[in-house]
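Chemist:
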Amino acid sequence: MLIVTNATLLNPGILDTSSLPKKFLGHVLVLPRGAGLGVWLRMVLEIQILRYLVTLLPFIAAPLMVPKLAVPVMQAPVLMLILIALVELKLLRLSKSARARSMTDDDAARRLDTLTFRARACLRAIAANHQMADGDLRLVIEQSELARVAPLTLVSVQIETPNPHLPPLDARDRAILTAGLFDADLTERDLLAVNHKADLYMRDIAQPARAVSAHARLAAYLEPKGATP
Numbered sequence: 001m002l003i004v005t006n007a008t009l010l011n012p013g014i015l016d017t018s019s020l021p022k023k024f025l026g027h028v029l030v031l032p033r034g035a036g037l038g039v040w041l042r043m044v045l046e047i048q049i050l051r052y053l054v055t056l057l058p059f060i061a062a063p064l065m066v067p068k069l070a071v072p073v074m075q076a077p078v079l080m081l082i083l084i085a086l087v088e089l090k091l092l093r094l095s096k097s098a099r100a101r102s103m104t105d106d107d108a109a110r111r112l113d114t115l116t117f118r119a120r121a122c123l124r125a126i127a128a129n130h131q132m133a134d135g136d137l138r139l140v141i142e143q144s145e146l147a148r149v150a151p152l153t154l155v156s157v158q159i160e161t162p163n164p165h166l167p168p169l170d171a172r173d174r175a176i177l178t179a180g181l182f183d184a185d186l187t188e189r190d191l192l193a194v195n196h197k198a199d200l201y202m203r204d205i206a207q208p209a210r211a212v213s214a215h216a217r218l219a220a221y222l223e224p225k226g227a228t229p
């Protein structure tokens, strides 16, 4: 899971938006700050043109290794398109029937209910942390639709007032999201299975800031000082 905010990006300019929900995958290039090699490789896999080039490597390598194959290879664009289609549609994605039978409707609903409950709890804690009293906070959870590879999950907090924006999240906010969203009972892969079934890869969950209790606000105010609410 990558929490998308100023502190976690090398290119925070991509956070600018004029409408919500802000979508990242397929629209902008996300460059994570301080990420490990595995995360970078997974991000690279999202770049469609690079996937195409890797898929077509046999057609590129064959003429170099056997020059007399250059002309036949260059005259076989249909084979190239077929290979790309097989990789993109069969290997990296699930068919409609496979998505439908991946889980029952009851299991999908239960997982979404759990996600909604946890997301709103996280938003209430973040609103209390910043003493927000107006507007709706939205937790946007976006996943890559690619299957049979490690899930890629982007999580952001978005607010419509006074204008659409993604507020900066401090270390405490990010810890709230890291601890509160996914665990062994609801993993990123569990959510991806639900999204595959629905063919919907962005979840937008709202929480009114005014609904945060006074107790939660007091606890958030006292916690940095080491006090017990």
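With the UniProt record's numbering applied, the sequence shown corresponds to residues 1 to 229, in that order. Using N, Cα and C, we set each Cβ at its ideal position, and we do this for glycine too.
Using the C-alpha atoms, what's the distance from R99 back to K22?
Modeler: Taking the straight line joining both Cα atoms gives about 26 Å.
Chemist: Which whole-angstrom value is the C-beta distance of L25 and L154, which I expect to be below 8 Å?
Modeler: Correct: roughly 7 Å between the Cβ atoms.
Chemist: I need the boundaries of the alpha helix (DSSP H) containing D113, first residue and last residue.
Modeler: Here the alpha helix (DSSP H) through D113 covers 105 to 129.
Chemist: What first and last residue would you give for the beta strand (DSSP E) that runs through E142?
Modeler: Element bounds for E142: 136 to 143.
Chemist: Where DSSP assigns a beta bridge to M202, which residues make up the other side?
Modeler: In the DSSP output, where bridge partners are listed per residue, M202 has E142.
Chemist: Going along the chain, which residues of its own chain have a beta-carbon closer than 7 Å to the beta-carbon of E188, five neighbours each way excluded?
Modeler: Taken in chain order, the residues that qualify are M1, P151, T153, F182.
Chemist: Using DSSP with H/G/I as helix, E/B as strand and the rest coil, what is V39?
Modeler: Three-state result, V39: helix.
Chemist: Whole angstroms are fine: how far does the CA of L83 sit from the CA of D113?
Modeler: Each residue's Cα considered, the two are about 39 Å apart.
Chemist: Quick one: grab the DSSP three-state call for A219.
Modeler: If DSSP states are grouped into helix, strand and coil, A219 belongs with the helices.
Chemist: Quick one: what's got a C-beta closer than 6 Å to R60's C-beta in the same chain, skipping five residues either side?
Modeler: Contrary to the premise, residue 60 reads as Ile rather than Arg in this sequence. So the list is empty, once near-sequence residues are dropped.
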